[in-house]
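Okay, so here's the structure we're looking at.
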Amino acid sequence: MQLKFRDGTGEHALVVRRHEDHWLVTPDGAPAGVLVREASDGAWLVTRADGTSRRAWVAACGDERLVFCDGVAHRLRRPDPVHADDPDHAQADGPDLRARMPGRVVRLLVVPGQVVATGQPLVIMESMKMETELAAPQAGTVERMAVHEGQIVAQGDLLVAVTPAPAD
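This is the structure in structure tokens:
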């Protein structure tokens with residue numbers, strides 16, 4: 191089967207073949223894939239063609255999957271075919287803050303022109319009777335607020351447009 195996902199570097203395709211106790215995963219048409227099998231502690235053991243292995247953990251977060259491997263977290267999500275060409279619904283990773291689930295904007299914590307750090311809270315949303323702080327995925331400068339307090343938003347809607355901080 192073929193799977194597609196997006197991460198911070200773009201859209202990727204994987205060919206996944208299920209075997210009795212493992213999966214063979216070949217990324218982006220590469221000549222060799224990796225062997226993936228579940229470990230007894232809930233981790234995944236990923237073995238490359240050269241025999242080197244890594245342990246990875248996967249956590250579901252809404253429509254995203256967070257993959258932790260070698261001390262790095264990778265945020266993956268499937269592309270949204272309905273809104274693929276709509277920039278206000280794009281699912282690409284980047285500095286902009288988007289709604290992770292449908293809800294109501296309770297409070298805006300930043301203003302246009304404000305410099306923000308990775309992980310800094312930008313918006314408080316209410317969804318399913320719970321308030322959640324949504325943080326900046328990357329450092330940068332707030333370009334514009336795409337929503338106002340009290341506004342109802344859908345999953346994936348743009349909340350805050352952020353110009354990325356210059357690379358060092």
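Following the working numbering, the numbering of the sequence shown begins with 191 at its first residue and continues without gaps. Ideal Cβ placement from N, Cα and C applies to all residues, glycine included.
With fewer than 16 other CB atoms across the displayed protein chains lying within 10 angstroms of its CB, Val305 is exposed. Ranked by Cα distance from Asp218, the options Val206, Leu299, Ala329 are led by Val206. For Pro285, the number of other beta carbons within 10 angstroms of its own is at least 16, and it is reported as buried.
Across the structure, Gly330 and Asp231 are spaced so that their CA atoms are roughly 38 angstroms apart. With a beta-carbon spacing of about 11 angstroms, Val248 and Val236 fall beyond the 8 angstroms limit used to define contacts.
Under the three-state reduction of DSSP, His338 is assigned to coil, being neither helix nor strand. Under DSSP, Met320 takes part in a beta bridge, and its partners are Ser317. Counting only runs that start and end inside the stretch 213-268, the beta strand (DSSP E) elements of at least 3 residues fall at 213-217, 224-228, 234-237, 243-251, 254-259, 262-267.
In the pairwise beta carbon analysis, the stretch 254-267 is classified as not touching the stretch 303-320: fewer than three pairs are separated by under 8 angstroms. Assignment of Thr308 by DSSP, reduced to helix, strand and coil, places it in the coil class. Remark: C-beta atoms of Val352 and Glu339 do not approach each other more closely than 9 angstroms.
Minimum Cα-Cα distance from Met191 among the listed residues Arg208, Glu201, His202 corresponds to Arg208. For His209, there is no enclosing beta strand (DSSP E), since its DSSP letter is neither H nor E. Separation of the CB atoms of Leu298 and Pro327 is rounded to 17 angstroms, and the pair is thereby denied contact status at 8 angstroms.
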